[in-house]
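Participant:
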Amino acid sequence: MASAALLSQASAQDPADYLGNTGRHRPLTGTMPPGALGQARLAGRGPVAGYFQPIQIDGPGDVQFALSQSGTFVDPKPSMVAGLLIGAVYRFRITQIPLAVGAELYPTVEVIDRTYPPRGLAWKYPISIQLDQEDLDSALAGQMVTRVIYLEDPQTATPMVQTPKTRRPLELSADQDPLEVADRLGRPVAIVRIGSVTPPNAPLLMPSFLFGDPPWTAGQPMPTNQP
Amino acid sequence: MKSSMTKRTKPSFKNKIRRLIGVSQLLCASGLLTIGCAVPAHQNQGFQGPPRSVPMQGMPMQGMPPGMAGGPMTGMPGMNPGTPMMQMQMTGAQMTGDQMLAAQAMPNGQSVAQVGFRQPFMPHGACGPGMNGALGNAACAPCGPVTPFGYAMPPMGPWTGHDPQEYLCDGGDHPPVARLNREDEVDGLQAEDTVVHYVTDAGDIEFQASNRACLYAPRFASVRRITSALAGGRAVGLRQVDMPVSAGRFEHELPGLVLTESTELGHADVARRIDAMREQIRGVPVEGILQLEQTGEVLEALAALSMAELRILQEEEKALLERYALAAIMWELDESVEVVVEDLRVPTLTRNQQVQGFTIYEFPDAGRLQISKLADRSDAQPGDVVQFVLRVENVGDSTVSDVTLIDNLTTRLEYVDGSQTSSRDAEFEVVPNESQSLRLKWKLKEPLKVGEDATIRFECKVR
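If you read the sequences in order, they're chains A and B. Each residue of the first sequence is one higher than the one before, starting from 1 at the first, in my numbering. Each residue of the second sequence is one higher than the one before, starting from 1 at the first, in my numbering.
#1: Excluding the 5 residues flanking A:SER196 on each side, which residues of the same chain have their C-beta closer than 6 Å to its C-beta?
#2: How many whole angstroms separate the CB atoms of A:ILE228 and A:GLU104, which I take to be in contact at a CB cut-off of 8 Å?
#3: Could you give the distance in angstroms between the alpha-carbon of A:ASP230 and the alpha-carbon of A:ILE97?
#4: Can you give the beta carbon distance from B:LEU413 to B:VAL462, rounded, assuming they're within the 8 Å contact cut?
#5: Are the CB atoms of B:ARG224 and A:VAL63 within a distance shorter than 9 Å?
#6: State yes or no: is the C-beta of B:PRO452 within less than 9 Å of the C-beta of B:ASN394?
#7: Specify the secondary structure class of B:PHE358 as computed by DSSP and reduced to three states.
#8: Tell me, to the nearest whole angstrom, how far the beta carbon of A:LEU210 is from that of A:ARG91; I am working on the premise that it is less than 8 Å.
#9: Mind checking which residues open and close the beta strand (DSSP E) that includes A:GLY186?
#10: Taking CB distances under 9 Å as the criterion, tell me whether A:GLU104 reaches chain B.
#11: Taking the alpha-carbon positions, what's the A:LEU136 to A:GLN220 distance?
#12: Taking Cβ-Cβ distances shorter than 7 Å, what residues in chain B pair up with A:SER138?
#13: Determine, using beta-carbon pairs with one atom in the segment 367-387 of chain B and one in the segment 436-443 of chain B, whether at least three such pairs fall under 8 Å.
#14: Name the two residues that bound the continuous alpha helix (DSSP H) containing A:GLN133.
#15: For my contact list, A:GLN39 and A:GLY87 are in at a C-beta cut-off of 8 Å; report their separation, rounded to the angstrom.
#16: Roughly how many angstroms lie between the CA atoms of B:LEU374 and B:VAL392, to the nearest whole one?
#17: Straight-line CA distance for B:ILE456 to A:THR72?
#18: List, in chain order, every chain A residue whose beta-carbon is nearer than 9 Å to that of B:ARG212.
#19: Let me make sure I understand the geometry here. Which of A:LEU204, A:ASN201 and A:PRO60 has the alpha-carbon closest to that of A:LEU99?
#20: At least one CB of chain B closer than 9 Å to the CB of A:PRO60: is that the case?
#21: Among B:ALA366, B:SER419 and B:CYS169, which residue has its Cα nearest to the Cα of B:SER466?
#22: Name the DSSP bridge partner or partners of A:GLY38?
#23: Write down the C-beta distance between A:THR31 and B:PRO218 rounded to the nearest angstrom, noting that I regard them as a contact closer than 8 Å.
#24: Check the Cβ of A:SER128 against every Cβ in chain B and list those closer than 8 Å, keeping chain order.
#25: Name, please, each residue of chain A whose Cβ falls closer than 8 Å to the Cβ of B:TYR216.
#26: If you count every other CB in all the chains shown that lies within 10 Å of the CB of B:PHE388, and 16 or more means buried, which is it?
#27: Determine the contact status of B:PRO447 and B:VAL403, defining contact as a CB-CB distance below 9 Å.
#28: Check whether the Cβ atoms of B:CYS214 and B:ASP163 lie closer than 9 Å to each other.
#29: For A:GLN13, does the count of other Cβ atoms within 10 angstroms reach 16, so buried, or fall short, so exposed?
#30: Any beta carbon from chain B within less than 9 Å of A:SER79's own beta carbon?
#31: Rounding to the nearest angstrom, what Cα-Cα distance links B:ASP184 and B:ASP417 in this structure?
#32: Tell me which same chain residues have a C-beta within less than 6 Å of the C-beta of B:PHE207, skipping the five on either side of it?
#33: Can you tell me which of the three DSSP states B:LYS445 falls into?
#34: Rounded to a whole number of angstroms, what is the C-alpha to C-alpha distance between A:PRO142 and A:ARG193?
#35: Could you spell out where the beta strand (DSSP E) holding A:PHE92 opens and where it closes?
#36: Could you tell me which residues DSSP puts in a beta bridge with B:ARG439?
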């Protein structure tokens, strides 16, 4: 008993104890404000600044996506394909939500890392984000949905056929850091936060609501033979 | 506030201190004083927001990140239900209403501050996103690039221009190398390995690894966390206090008040040590990619290519060949060691280098196989079917037998049942492997003579 007490006392004096049970200190977490992770990535190495990373967001049913442009949400489409700057935060609108007539959602998407496709394949292999009905229902119920999209490690990937229509997200509990879990499973590339149900009433607040309305490039989804 | 004051307190001095603190708060709130501001707790961090008991005049929650007003902060570490921030979370579902209240307060002359706005591109030296200064009224203490205190920023992602994780490779022989054990089973086969083993005329068992066929096939997945402001929380408190209890007597005897100097760090040079290291080098360099530009007949042409062939000796290569031959001659030293021992008569050195005997050892010519692997496409999406071609060719000088090809498929490749074909009679066997995929094995029934080859085709579905 005495030795155990001494051992616990010795371990309590370890300055690394307070860093968490994972044994490592993570300066970047999934609860950081939008934009912080992307800006931290821009401070790192690599050709990430000024690169428009293609992404594609799909949803259930006939849901429509519209990305903000010049302070408004224009050109709703069933599949949002756009090139987004790394580090910028983009607000988009979701309409025609199944089983929620007239309801709207205003999530944000933040690209925190890029891909390195061969020449000519950037738009064919965008960062694919597939929102499901539970995402939208939870957000409409007043909850906050945080999705961290990561690039899977091919050697530790899930041995199942996962197409954009069939894959499911890994559910985390409230005390888990989604960025940390995603970092363990692969390389995090984007974060989608779904929670806002209405834009602000004051027009003066729209710039902050749209995070400065950063520029983006339009793209067209490439035809695929996926089910 | 960087000041050092040692004074005896007086009733009038307290008022002066209060006035000074009040002025500093005003300066902090107006942004004129940005260093060492004694900001109240509810204004210190912009994203925390004021507690519910503080009137939100001019500082609504409109700039807060998504969900901050709706209550995603329940998962933030270090939060106790007793803190003012948690009080805000308990009733955070009404924060949208606060925004509306703030918006409605605009016509009354109260300005709506631009808080929470984050410039995506901020030059160095200005307050970047994530720092206090970007959130309005708080002190803009740590400006410049975002660097965690005391720890180095971990490198995120590759920077060499490509990421092996985006490629789906198959082929090669990762260490430990494949070998045949006594039970005639192959050990050391890792995921992605593709090898052929055979028996030469000399009876040796040889292994040969194929090249790696890589496809650009990134696959994205996601983790999801759904939080709520009222997830399991209960706010227990008094509704009303009817009997305010105050002190009956209060003696304030302070012989003196010493204000110690509060020195804040303007700049901290911290010896950064490695807290944790995660090595993500998996030894899967993307090299030697034999990709096809077109599909279809091109695969036929490539599959029939001979990787090694005889050709005519060129005139300009004779000099190089002569040089190596001359070097080989020069290496044939016919000198021997001579030993001289003092105080002894020099022995007579007799060199007898005549040929005493001539024995010819005849080794059988070594058989050698060459295996190559090709894919009919250079990129694939999940669900696509990729056709692989395995081709072995006897490029040695003798016949080889017991030719066995093994392809240990990786996790994301699923063999399409019944899709394999072989140009020679072979026993095909499929067994599950440790990568939750299959290990394909072909054993040729007939030996491969010199110059002969075998071509195997099969299809895989990209998971």
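Cβ atoms here follow ideal geometry from the backbone N, Cα and C, with glycine treated the same way.
Facilitator: Let's see:
#1: Locating residue 196 of chain A in the first sequence gives position 196, where the first residue counts as 1. Excluding its 5 nearest sequence neighbours in each direction, A:SER196 has C-beta neighbours in its own chain below 6 Å: TYR106, listed in chain order.
#2: Since the first residue of chain A shown is 1 and the last is 227, residue 228 of chain A is not available in this structure.
#3: Lying outside 1 to 227, the shown extent of chain A, residue 230 of chain A is not represented and no answer is given.
#4: Sequence index remark: in the second sequence, residue 413 of chain B carries index 413 (1-based). Sequence index remark: in the second sequence, residue 462 of chain B carries index 462 (1-based). The pair is a contact, with the Cβ atoms about 7 Å apart (cut-off 8 Å).
#5: Within the first sequence, the letter at position 63 stands for residue 63 of chain A. Within the second sequence, the letter at position 224 stands for residue 224 of chain B. No, the pair does not count as a contact, with Cβ atoms beyond the cut-off.
#6: On the second sequence, position 452 is the one that residue 452 of chain B refers to. On the second sequence, position 394 is the one that residue 394 of chain B refers to. Here residue 452 of chain B is Glu; the residue named in the question, Pro, does not match the sequence. Their beta carbons are under 9 Å apart, which means B:GLU452 touches B:ASN394 by this criterion.
#7: Within the second sequence, the letter at position 358 stands for residue 358 of chain B. In the three-state reduction of the DSSP assignment, B:PHE358 falls in the coil class.
#8: Residue 210 of chain A sits at position 210 when you count from the first residue of the first sequence. Residue 91 of chain A sits at position 91 when you count from the first residue of the first sequence. Between A:ARG91 and A:LEU210 the Cβ distance is about 5 Å, and since that is below 8 Å, they are a contact.
#9: Locating residue 186 of chain A in the first sequence gives position 186, counting from the first residue. 186-194 is the extent of the beta strand (DSSP E) around A:GLY186.
#10: Taking the first sequence and counting its residues from 1, one reaches residue 104 of chain A at position 104. Not one chain B Cβ lies under 9 Å of A:GLU104.
#11: Against the first sequence, residue 136 of chain A aligns to sequence position 136. Against the first sequence, residue 220 of chain A aligns to sequence position 220. Their backbone Cα atoms lie some 24 Å apart in a straight line.
#12: In the first sequence, residue 138 of chain A corresponds to position 138, counting from 1. Neighbourhood of A:SER138 in chain B, by CB distance below 7 Å: ILE226, in chain order.
#13: no
#14: Your numbering for residue 133 of chain A matches position 133 in the first sequence. First-last of the alpha helix (DSSP H) with A:GLN133: 133-140.
#15: Walking along the first sequence from the start, residue 39 of chain A turns up at place 39. Walking along the first sequence from the start, residue 87 of chain A turns up at place 87. With 8 Å as the limit, A:GLN39 and A:GLY87 qualify as a contact, their Cβ atoms being about 5 Å apart.
#16: Residue 374 of chain B sits at position 374 when you count from the first residue of the second sequence. Residue 392 of chain B sits at position 392 when you count from the first residue of the second sequence. Distance between the alpha carbons of B:LEU374 and B:VAL392: 12 Å.
#17: Residue numbering aside, residue 456 of chain B sits at position 456 when the second sequence is read from its first letter. Residue numbering aside, residue 72 of chain A sits at position 72 when the first sequence is read from its first letter. Rounded to the nearest angstrom, the two C-alpha atoms are 57 Å apart.
#18: The count along the second sequence starts at 1 and reaches residue 212 of chain B at position 212. Think of a sphere of 9 Å around the beta carbon of B:ARG212: no beta carbon from chain A falls inside it, the nearest being about 13 Å out.
#19: Taking the first sequence and counting its residues from 1, one reaches residue 99 of chain A at position 99. Nearest option by C-alpha distance: A:PRO60.
#20: Working through the first sequence from its first residue, we reach residue 60 of chain A at position 60. So, not an interface residue.
#21: Here chain B covers residues 1 to 463 and nothing more, so residue 466 of chain B does not appear.
#22: Locating residue 38 of chain A in the first sequence gives position 38, counting from the first residue. Beta-bridge pairing links A:GLY38 to no other residue.
#23: In the first sequence, residue 31 of chain A corresponds to position 31, counting from 1. In the second sequence, residue 218 of chain B corresponds to position 218, counting from 1. The Cβ separation is near 27 Å, so there is no contact.
#24: The count along the first sequence starts at 1 and reaches residue 128 of chain A at position 128. Result: PHE220.
#25: Working through the second sequence from its first residue, we reach residue 216 of chain B at position 216. Near B:TYR216 (Cβ distances below 8 Å), the residues of chain A are PRO117, PRO118, LEU121 and TYR125.
#26: Numbered from 1 along the second sequence, position 388 holds the residue referred to as residue 388 of chain B. By the 10 Å Cβ count, B:PHE388 comes out buried.
#27: Residue numbering aside, residue 447 of chain B sits at position 447 when the second sequence is read from its first letter. Residue numbering aside, residue 403 of chain B sits at position 403 when the second sequence is read from its first letter. Against a cut-off of 9 Å, the Cβ pair of B:VAL403 and B:PRO447 comes out as a contact.
#28: For the purposes of this step, residue 214 of chain B is identified with residue 214 of the second sequence, where counting begins at 1. For the purposes of this step, residue 163 of chain B is identified with residue 163 of the second sequence, where counting begins at 1. No, the pair does not count as a contact, with Cβ atoms beyond the cut-off.
#29: The residue labelled residue 13 of chain A in the question sits at position 13 within the first sequence. Residue confidence for A:GLN13 is low, a pLDDT of 46 falling below 50, so the modelled location carries little weight and cannot support an answer.
#30: Taking the first sequence and counting its residues from 1, the one referred to as residue 79 of chain A is at position 79. A:SER79 does not count as touching chain B.
#31: In the second sequence, the residue the question calls residue 184 of chain B occupies position 184. In the second sequence, the residue the question calls residue 417 of chain B occupies position 417. Distance between the alpha carbons of B:ASP184 and B:ASP417: 26 Å.
#32: For this step, residue 207 of chain B is matched to residue 207 along the second sequence. For B:PHE207, where only same-chain residues beyond five positions count, the Cβ hits under 6 Å are ALA178, VAL195 and HIS197.
#33: The sequence position of residue 445 of chain B within the second sequence is 445, counting from 1. Note: B:LYS445 maps to coil in three-state DSSP.
#34: Here the question's residue 142 of chain A lines up with position 142 in the first sequence. Here the question's residue 193 of chain A lines up with position 193 in the first sequence. A quick correction: the sequence has Gly, not Pro, at residue 142 of chain A. When rounded, the distance between both Cα atoms is 13 Å.
#35: Sequence index remark: in the first sequence, residue 92 of chain A carries index 92 (1-based). From DSSP, the beta strand (DSSP E) with A:PHE92 extends over 89-95.
#36: For this step, residue 439 of chain B is matched to residue 439 along the second sequence. According to DSSP, which records beta bridges pairwise, B:ARG439 is partnered with B:ASN408 and B:VAL431.
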